[in-house]
Amino acid sequence: MAEQKSDDLFGCLPDEIFCRIISFLPSETALETSFLSRRWRGLWNLASVQQSTVDGIATEVTEFLAGFDKLDPLRRPRRLQLHFGKGSVLVATIAANNKLKVEFSTGEQEVPGHFDWHLQLSHQNGVHHFCPSTFFVKTLHLKSVGFLTNASVSSMVSRFQFLESLKIIECYGLQSLHVESSPKLISLTILDCPHLESLHLKSSKLQSFRYRGKLPRISPEYHFNLADAMLDFRQGLGTDGFVASEFDATLLTIKNAQVVTLCRWTFESLIWPSVLPLKGTFQFYKLKELWWIDYSESEEGYKADALISFLKLCPALERLFITIDPKSYCEPSTNTFLKKATKHTELGHLKVVKLEGFVNQEDEFNLLKRIRELVTVEPLIISALDENCGNLLTSTPSPKHAQMCL
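In the numbering used here, the protein residues as written are 1 to 406.
(1) Am I right that arginine 370 and isoleucine 293 are in contact with their C-beta atoms under 8 Å? What's the rounded C-beta distance?
(2) If you run the structure through DSSP and keep just helix, strand and coil, what is alanine 384?
(3) Whose C-alpha, out of Lys202, Ser48, Val102 and Lys214, is nearest the C-alpha of alanine 249?
(4) When you compare only the Cα positions, how much space is there between glutamate 331 and lysine 255?
(5) Measure from the alpha carbon of glutamate 373 to the alpha carbon of each residue in Ser296, Asp325 and Ala304, then state which is nearest.
(6) If I'm right that glutamate 164 touches threonine 189 with Cβ under 8 Å, what's the distance once you round it to whole angstroms?
(7) Can you name the start and end residues of the beta strand (DSSP E) that glutamate 289 belongs to?
(8) My assumption, with CB atoms under 8 Å, is that alanine 47 sits in contact with proline 77. Please give the rounded CB distance.
(9) Tell me which same chain residues have a C-beta within less than 6 Å of the C-beta of valine 102, skipping the five on either side of it?
(10) Could you name the residues that DSSP lists as bridge partners for valine 89?
(11) For lysine 99, name the three-state secondary structure that DSSP assigns.
(12) What does the alpha-carbon distance come out to for the pair methionine 404 and glycine 238?
(13) Could you compute how far the alpha carbon of proline 132 sits from the alpha carbon of glutamine 161?
(14) If you run the structure through DSSP and keep just helix, strand and coil, what is leucine 311?
(15) Whose C-beta lies closer than 8 Å to the C-beta of glutamate 170 among residues of the same chain, with five residues either side of it excluded?
(16) So, is proline 379 buried or exposed, given that buried needs 16 or more other C-beta atoms within 10 angstroms?
(17) Is it true that the CB of lysine 288 sits closer than 9 Å to the CB of histidine 349?
(18) Once the 5 residues before and after cysteine 314 are set aside, which same chain residues still bring their CB inside 6 Å of it?
(19) What are the start and end residues of the alpha helix (DSSP H) that includes glutamate 60?
(20) Checking the sheet assignment: what are the DSSP bridge partners for isoleucine 218?
(21) Could you check how far apart the C-beta atoms of leucine 290 and leucine 262 are, in whole angstroms? I think they sit under 8 Å.
(22) What are the uninterrupted segments assigned as beta strand (DSSP E) that are 3 or more residues long and contained completely in the segment 155-209, given in chain order?
(23) CB histidine 178 to CB histidine 83, shorter than 9 Å?
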């Protein structure tokens, strides 16, 4: 009803007046006008439809961005729909906070061609390709880049000299990825690239690294200290012949992280063999939030040894989220996990423990009993099996990495 009244009040006005009104609003407030009515929403969804070739992608997107004015955001469309090849389409969308989303789609469903991708982000002394513009890409989302388009995308990305955050999603056929960036890049996210086997990182200032998919060989060329690390490798290994020592460089990057997502098998097979000889001297001193993705042996029940061993390395932990995923990859455990106390065995800051995916309360009870042996405080316990849990809390806490999307 409110939407109808809004349309009645402004329905007789031309689009130019609407755009003029929005131009006087701060950018954050201007975007909120899209919720007023269908008429306002339509202004934000207008697209510039163009025809080009694969080789012309970088130039077309550059010109699209150069024509955008943050002070008058609706003077030109915020969305580019670029048709190229046989039924292939690129959709580029300008979003708030200097964000650009670029998504590819193909008209024909084909088996993706495998490809290697070298992304060289602009350095400070690089050539400036942009025309004068008030919009500079700081956050870039790339979805469904493929065999035919990766070279053009590389050319486009090399022009974004202010890029701070890069997200790569669902790039089928991508086997090897080399990311070479300036110190400006502080966040890298890679989600659901099922064929990726090798990831080379030449970046010295990364603070956030989030990965979901099969574990590739990760090669950091420089050391960097991550504050935020999502290592969701529940799909298992992405390449054969992987040995634990190959993960050591990645392990060092997460040592000082504050937020970590980790799979049980990754700890058992790749981290514990390196940590065990250090006899408790290796600690995740700054870790405050852990999302632990586990599996349960159906016949023998849940085994908590790996989790407890990891918790003993996390003296500052405040929030613990444990998810049992029956589809999670697992390897036969050959490690004898440390049962005796290590240098730091007490969790004096643990505030929340949330359990999800457990099939029976006995497994939960046994796990919580072992956790309580480590804590010096009484944390809030949240269980999906507890029918009263939903009545006690209007909204339960969730892992920071639980929702990852474009």
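C-beta atoms are modelled at their ideal positions from N, C-alpha and C, and glycine is treated no differently.
The structure says:
(1) Between isoleucine 293 and arginine 370 the Cβ distance is about 18 Å, and since that is not below 8 Å, they are no contact.
(2) coil
(3) Check the Cα spacing between alanine 249 and each of Lys202, Ser48, Val102 and Lys214: the tightest is with Lys202.
(4) Annotation: glutamate 331 to lysine 255 spans about 24 Å, alpha carbon to alpha carbon.
(5) Ala304
(6) Not quite, the Cβ-Cβ distance comes to about 12 Å (not below 8 Å), so this is no contact.
(7) Where glutamate 289 is concerned, the enclosing beta strand (DSSP E) starts and stops at 289-294.
(8) A Cβ-Cβ distance of about 5 Å is found for the pair alanine 47 and proline 77, placing them in contact under the 8 Å criterion.
(9) Ala92 and Leu142
(10) His83 and Ser105
(11) Three-state DSSP puts lysine 99 in a strand.
(12) 20 Å
(13) Low confidence applies to proline 132: its pLDDT is 48, below 50, so where it sits in the model is not reliable enough to give any reading.
(14) helix
(15) Lys143, Ser144, Leu191, Asp192 and Cys193
(16) buried
(17) The answer is yes: Cβ separation under 9 Å.
(18) Phe284 and Leu287
(19) 57-66
(20) Leu199
(21) Right, their Cβ atoms sit about 7 Å apart.
(22) 165-169, 174-180, 187-191 and 198-202
(23) no
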